[in-house]
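When we follow the numbering used here, the leftmost residue of the sequence shown carries the number 22, and every step to the right adds one.
Note that the Cβ used here is the ideal one computed from N, Cα and C, for glycine as well.
Report on one structure; see the data block that follows.
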Amino acid sequence: MEETSNGMEKIVSLCKRRGFVYQGSEIYGGLAGTWDYGPLGIELKNNIKQLWWRMFVQGRDDMYGLDAAIIMNPKAWEASGHVSGFADPLADGKMFNTMFKTSVGAGEEATTAYLRPETAGGIFVNFKNVVDSFHPKLPFGIGQIGKAFRNEIAPRDFIFRVRELEQMEIEYFVQPAEWKEKFEEWRKGVHAFNEAVGIPQSAVHELEVPDGERAHYSKRTIDFEFDFPFGRKELYGLAYRTDFDLSAHQKASGQDLSFRPEGEEPVVPHVIEPSFGVDRTFLAVLASAYTEDEQNGETRVFLKFKPSVAPVKAAVFPLLKNKPELVAKAREIYTNLKKDIPQIMWDDNGNVGKRYRRQDEIGTPYCITVDFDTLGETPQMLDTVTVRDRDDGEQERVAVADLAAYLLAKIRV
Ligand code: ATP
């Protein structure tokens with residue numbers, strides 16, 4: 022019988038123990054709202070980002086990628102309304118602007134600038150550059166993954182509400198008349214991404230954000246909420262930003278940011294913005310994967326990651342650590358596999374049962390054991406290994422020559 026536990030403390034403790042996420046600046050007592058991604062965390066995070074990038078940027082002909090500077094000319098944030106409006110209410114009702122201020126330059130030359138509170142700003146100021154370089158047709162979009170900073174009044178719930186966050190954002194530029202149709206397309210795109218990273222549809226709920234509660238730039242917003250262990254909270258947002266940003270930047274910069282379809286009147290495109298938080302995706306993927314079941318009469322904790330996001334795709338073991346011929350064969354198999362599948366791990370600590378537990382706990386989908394049959398003790402099994410499946414514990418005998426192809430076919434899904 023399988024049971025999914027929702028204890029947040031269990032997830033936080035597993036993350037620290039097994040090297041997914043550590044408290045930021047921990048040896049100095051930490052710094053509120055900051056977290057550091059450890060060796061397994063960075064692999065999981067990169068897998069999530071790569072999946073997103075492949076799905077929404079590389080996988081489409083109407084999308085362009087971008088990596089804009091974090092510190093922008095402050096005039097951009099004045100024009101977008103963030104300097105005057107990006108604020109949260111304090112307990113005593115006083116509004117507090119949550120943009121992080123910094124200064125650029127030295128001495129009297131120094132000027133105030135901001136760390137970007139969302140990656141979107143960098144996309145809008147590059148709209149004209151991308152149009153001039155690539156001459157796309159409407160609709161088209163620009164996608165970007167990067168850090169954003171918000172001086173949250175009350176950071177909390179592990180990596181859910183942090184002060185240094187990462188976003189994956191798309192500004193999708195459309196003809197004003199087609200915004201509803203494109204909004205619906207991106208709504209489906211959000212669900213497709215959840216499916217790809219292993220966030221179950223049943224735990225995601227759409228919330229139509231009512232008038233008066235939307236961000237200052239939005240005419241329609243859907244929040245995609247997830248059932249986090251601490252409650253139902255926003256995972257992603259999908260907003261119709263109209264021509265608010267391009268028109269505001271056009272006015273403030275004096276640059277023409279209209280789009281000129283061939284033979285048609287110039288138009289300032291309207292924008293559909295799907296905005297994904299990397300840290301919240303990471304947490305939702307972890308919470309969705311966290312599972313406890315019973316195997317061989319013992320409680321087992323395992324992360325049921327989709328193989329495509331799992332930080333370690335497979336682990337290779339010699340059955341016994343003190344048999345040089347087993348270790349040498351296992352090493353050879355490990356080294357060869359690593360060329361095709363870099364996210365692979367070597368483990369020869371303790372007995373095989375303990376290794377399985379350890380790999381289950383970090384969500385490794387496949388464990389490969391090199392035993393005496395691999396070396397030919399049973400002649401017809403020469404050069405075969407045992408591949409054990411994380412979820413059901415089933416074992417299969419696979420020829421070493423087929424191993425890379427066997428694993429690659431499984432981990433791409
Ligand atoms: P919230 O209402 O939870 O403060 P928001 O509506 O301000 O979020 P957006 O401005 O729409 O968030 O940002 C887009 C996405 O960026 C969010 O859906 C979320 O995934 C992520 N995000 C925003 N703020 C944070 C934060 N402080 N920590 C982690 N992720 C965040």
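List the endpoints of the continuous alpha helix (DSSP H) containing residue i.
i: residue 62; result: 60–74
i: residue 345; result: 345–361
i: residue 29; result: 29–38
i: residue 144; result: 141–145
i: residue 151; result: 148–155
What three-state label does DSSP hand residue i in the structure shown?
i: residue 44; result: strand
i: residue 429; result: helix
i: residue 222; result: helix
i: residue 236; result: coil
i: residue 418; result: strand
i: residue 310; result: helix
i: residue 376; result: helix
i: residue 168; result: strand
i: residue 424; result: helix
i: residue 328; result: coil
i: residue 319; result: strand
i: residue 369; result: coil
i: residue 81; result: coil
i: residue 394; result: coil
i: residue 229; result: strand
i: residue 210; result: helix
i: residue 57; result: strand
Evaluate residue i with the Cβ neighbour count: other Cβ atoms within 10 Å of its Cβ, from every protein chain shown; 16 or more gives buried, anything less gives exposed.
i: residue 250; result: buried
i: residue 103; result: buried
i: residue 132; result: exposed
i: residue 423; result: exposed
i: residue 115; result: exposed
i: residue 221; result: exposed
i: residue 401; result: exposed
i: residue 54; result: buried
i: residue 270; result: buried
i: residue 145; result: buried
i: residue 34; result: exposed
Can you tell me where the beta strand (DSSP E) with residue i in it begins and where it stops?
i: residue 410; result: 405–410
i: residue 186; result: 185–195
i: residue 133; result: 132–136
i: residue 402; result: Careful: residue 402 lies outside any beta strand (DSSP E) and carries neither H nor E.
i: residue 339; result: 335–339
i: residue 387; result: 387–391
Answer with yes or no whether the minimum CB distance from residue i to chain D is below 7 Å.
i: residue 199; result: You won't find chain D in this structure, because it holds only one protein chain.
Check your understanding: Residue ranges of each alpha helix (DSSP H) run of no fewer than 4 residues wholly in the segment 275–306, ordered along the chain?
Key -> none
Exercise for review: Mind listing, in chain order, the continuous alpha helix (DSSP H) runs of no fewer than 4 residues lying wholly within the segment 85–127?
Suggested key: 95–100, 103–106
Point to revise | alpha helix (DSSP H) runs wholly inside the segment 239–276, at least 4 long, in chain order | key: 265–274
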